[in-house]
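J.:
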Amino acid sequence: MKTEDHQRDVYFWDMDHTIINNDCDVSWKEFLHSKGVAPSNAMELADKYYQDYLNNTLDDAEFMDFQLAEFKGKTWEEMLELSRLHFTEVVKQKIYPEAEEMIRQQMSEGKLLCLITATNSVIAYALKEYFGFDHMIASKLELIEGKYTGKPEGQYCLGQGKVDLMKSFFIENGGSLESATYYGDSPADVVIMEVVGNPYAVNPSPVLLKAARVNDWPILSFK
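Structural data, given as structure tokens:
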């Protein structure tokens with residue numbers, strides 16, 4: 076990070092249901108299924124894991140094994156091509172106009188923006204690329220000799236995992252949770268909003284909505 080970046084507060088944006096009206100882990104499997112890449116039972120399993128996510132009962136390891144099956148043996152370039160196509164065909168039209176306006180405005184004001192998402196780094200990269208976020212924190216995938224193993228690498232970027240990865244970001248780049256702004260929508264975001272200086276609940280889930288009202292966090296509704 077440039078020296079002047081240390082003087083800038085960081086604005087963290089969650090992705091699914093915050094910037095976009097979409098769950099990319101689900102739509103990614105639908106997309107791969109439509110292209111004949113994912114197996115026939117992919118959608119049934121995707122729906123199950125999505126409900127687990129909404130209920131905050133997701134088994135991270137089990138889900139990642141399912142989610143990353145199609146990555147095994149593929150290169151970054153091969154999967155990024157699919158990711159960009161997924162973004163063009165599915166995700167782009169689901170961006171909330173209010174979110175895009177806010178993000179573009181923050182960028183024009185010289186604020187430092189970071190996309191932060193539990194979605195893996197390959198799927199999220201196309202949206203990061205579209206907006207031109209300064210940084211991205213996402214769930215990482217294991218590469219060995221230039222090919223994906225179908226396994227995650229490092230900490231899963233959800234809930235407390237996000238908090239830990241944000242702390243690591245600040246150690247490397249400067250700044251602090253106390254001065255950070257965070258936009259998120261899910262029950263897993265409560266633990267993040269409890270520690271950042273400027274939390275915003277965007278299209279909040281019932282659990283997050285309750286926490287936002289109790290803690291007097293600003294609530295944003297994007298259509």
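So for the sequence shown, my numbering puts the first residue at 76; every next one is plus one. Beta carbons: idealized from backbone N, C-alpha and C, even for Gly. In this text, all values refer to a predicted model and were calculated from it rather than measured experimentally.
Could you round the C-beta distance between Q168 and D100 to whole angstroms and report it? I think they count as a contact, below 8 angstroms.
T.: Rounded, the Cβ-Cβ distance is 18 angstroms, inconsistent with contact.
J.: Closest to P279 by CA distance: which of D89, R83, M154 is it?
T.: Nearest of D89, R83, M154 to P279, Cα basis: D89.
J.: If we require 3 or more residues per run, which beta strand (DSSP E) segments fall completely within the region 217 to 279?
T.: You should have 222 to 228, 256 to 259, 273 to 277.
J.: Check D100 in the structure and name its three-state DSSP category.
T.: Looking at D100 - three-state DSSP - the assignment turns out to be helix.
J.: What's the gap between the Cα of K298 and the Cα of Y171?
T.: K298 and Y171: Cα-Cα distance of roughly 6 angstroms.
J.: Rounded to whole angstroms, what is the Cα-Cα separation between W292 and L283?
T.: About 10 angstroms.
J.: Can G272 and S254 be called in contact, C-beta distance under 7 angstroms?
T.: Yes; because the gap between Cβ atoms is below 7 angstroms, this pair is in contact.
J.: Can you give me the C-alpha to C-alpha distance between K237 and S109, rounded to a whole angstrom?
T.: So the alpha carbons of these two residues sit roughly 31 angstroms apart.
J.: Please state the DSSP three-state secondary structure of Y171.
T.: Residue state, collapsed to three classes: coil.
J.: Taking the beta strand (DSSP E) that A286 belongs to, which residues open and close that run?
T.: That residue, A286, is in no beta strand (DSSP E); its alpha helix (DSSP H) goes 281 to 290.
J.: Going by C-alpha distance, which of I212, L188, E220 is nearest A199?
T.: Residue I212 is the option with its Cα nearest to A199.
J.: Going by beta carbon distance, what residues of the same chain come within less than 6 angstroms of R159, once the five residues before and after it are set aside?
T.: Result list for R159: A201, in chain order.
J.: If contacts are defined as beta-carbon pairs under 8 angstroms, then D91 and T192 qualify, I think. What distance do you get, rounded to the angstrom?
T.: With a Cβ gap of about 7 angstroms, D91 and T192 count as contacting.
J.: Is I294 closer than 7 angstroms to A286 when the C-beta atoms are compared?
T.: Against a cut-off of 7 angstroms, the Cβ pair of I294 and A286 comes out as no contact.
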